[in-house]
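Residue numbers (this note's numbering), protein chains in the order written: chain Z, 1 to 131; chain S, 1 to 116. Virtual Cβ for every residue (Gly too), placed ideally from N, Cα, C.
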Amino acid sequence: MRFGYFNFAFLGEESQWSAEAAECAGDQDAYWEFHDYLFSHQSGENGGAFSKDNLKGFAASMKLDTKAFNTCIDSGKYAQLVQDQTNIGRQLGVSSTPTFAVNGKPVVGAQSFDTFKATIEGLLNPPTPTP
Amino acid sequence: MTDQPKGEKPALTVIIQSWWTPALVVVALVVGLLAGYFGHPLLAKDSQPTQPVAVVNTPVSTDPASQLTSPTATVNPTVAAIDSTEKLMAYLVENTTHFKGDPNAKVTIIEFSDYQ
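This is the structure in structure tokens:
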């Protein structure tokens, strides 16, 4: 099983900044730690929880190289990437989060484990194989 | 007042002080119609910026199986060329920056999400 995270920053500027911040953490091989840190520190939307200053604070508390991280954030190094990914999502018809693509099959919403299990088992053991 | 015959008052009296008055009314009507006709595209142009948002928010398909591949008005050629789940997944994988797990796994899940 392989899992990929695709930025769909559609809720405003703090969505954009936090997605950029995770990419910046990725420069220091800390993408997934930052990803988890963000999800465990959510509090409201665009209320300052993920302001650039706070994001820099997260990097500091995770013992990242703050100089490199701050430069990355302030320069907008990944701004275009995040916008491009969000646009791709929109063009593919994504309109809410989370939306999943399981081998290309859409699973929309925070579905139960059983839903994913059924989808994945259906892919591994197709009832009617298509040529 | 002075010229009217006594005893018979007309039901409605329109006093026209000058024949320019109705002529101006007709001219104003014509000008208004022409302004509306030619001015309409300008008004429509002003309201255009809201249109792309409407396009994006419009559900493109009710069929869940094709929901992720349905084209929209602003679709790019690469997305328009996607006609199978394999091609869709290849396109997504190509544009995904971070993965976890086995690169050769039979199943790949890609999550579209927002940190907020």
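Check                                                                                                                                                                    : Outcome
When you compare the CB of Y37(Z) with every CB in chain S, is at least one pair closer than 7 Å?                                                                        : no
Mind the definition here: the stretch 103-116 of chain S touches the stretch 94-104 of chain Z only if three or more C-beta pairs lie below 8 Å; say whether that holds. : yes
Can you tell me whether P77(S) is buried or exposed, with buried defined as 16 or more other CB within 10 angstroms of its CB?                                           : exposed
For the stretch 81-94 of chain Z against the stretch 56-71 of chain Z, are there 3 or more C-beta pairs whose distance is under 8 Å?                                     : no
Less than 7 Å between CB atoms is the rule here; does G144(Z) satisfy it with respect to chain S?                                                                        : Not covered by the structure: residue 144(Z). The range shown for chain Z is 1 to 131.
Mark L33(S) as exposed unless 16 or more other C-beta atoms lie within 10 angstroms of its C-beta, in which case mark it buried.                                         : exposed
Since M100(S) sits in a beta bridge, which residues does DSSP pair it with?                                                                                              : For the record, residue 100(S) in the displayed sequence is Lys; it is not Met. Answer is F3(Z).
If we ignore side chains and look at the alpha-carbon of each, how far apart do G109(Z) and A118(Z) end up?                                                              : 15 Å
Could you tell me whether any Cβ in chain Z is nearer than 7 Å to the Cβ of D114(S)?                                                                                     : yes
Out of E20(Z), E121(Z), G12(Z), A22(Z), point me to the one whose CA is closest to N46(Z)'s CA.                                                                          : G12(Z)
Report back the beta-carbon spacing between V107(S) and L123(Z) to the nearest angstrom; my notes put them in contact at under 8 Å.                                      : 6 Å
Roughly how many angstroms separate the alpha carbons of N7(Z) and L42(S), rounded to a whole number?                                                                    : 37 Å
Hey, could you find the ends of the alpha helix (DSSP H) S15(Z) is sitting in?                                                                                           : 13-26
Thinking C-alpha only, which one of A79(Z), A25(Z), G44(Z) is nearest A9(Z)?                                                                                             : A79(Z)
Whose C-alpha, out of A21(Z), T115(Z), N103(Z), is nearest the C-alpha of V93(S)?                                                                                        : N103(Z)
Which residues of chain A have a Cβ atom closer than 8 Å to the Cβ of M62(Z), listed in chain order?                                                                     : The chain inventory of the structure shown lacks chain A, comprising the protein chains Z and S.
For chain S, find out if any of its Cβ atoms is closer than 7 Å to the Cβ of E135(Z); answer yes or no.                                                                  : It is not possible to answer for residue 135(Z), since the shown part of chain Z is limited to 1 through 131.
Say whether chain Z places a C-beta atom closer than 7 Å to the C-beta of E111(S).                                                                                       : yes
Just list the residues that DSSP pairs F112(S) with in beta bridges.                                                                                                     : F6(Z), T99(Z)
Identify which residue in W17(Z), G26(Z), S18(Z), G76(Z) has its Cα closest to the Cα of F99(S).                                                                         : G26(Z)
Would DSSP call V27(S) helix, strand or coil?                                                                                                                            : helix
Please list, in chain order, all residues of the same chain as F69(Z) whose beta carbon is under 6 Å from its beta carbon, the five residues on each side excluded.      : C24, A59
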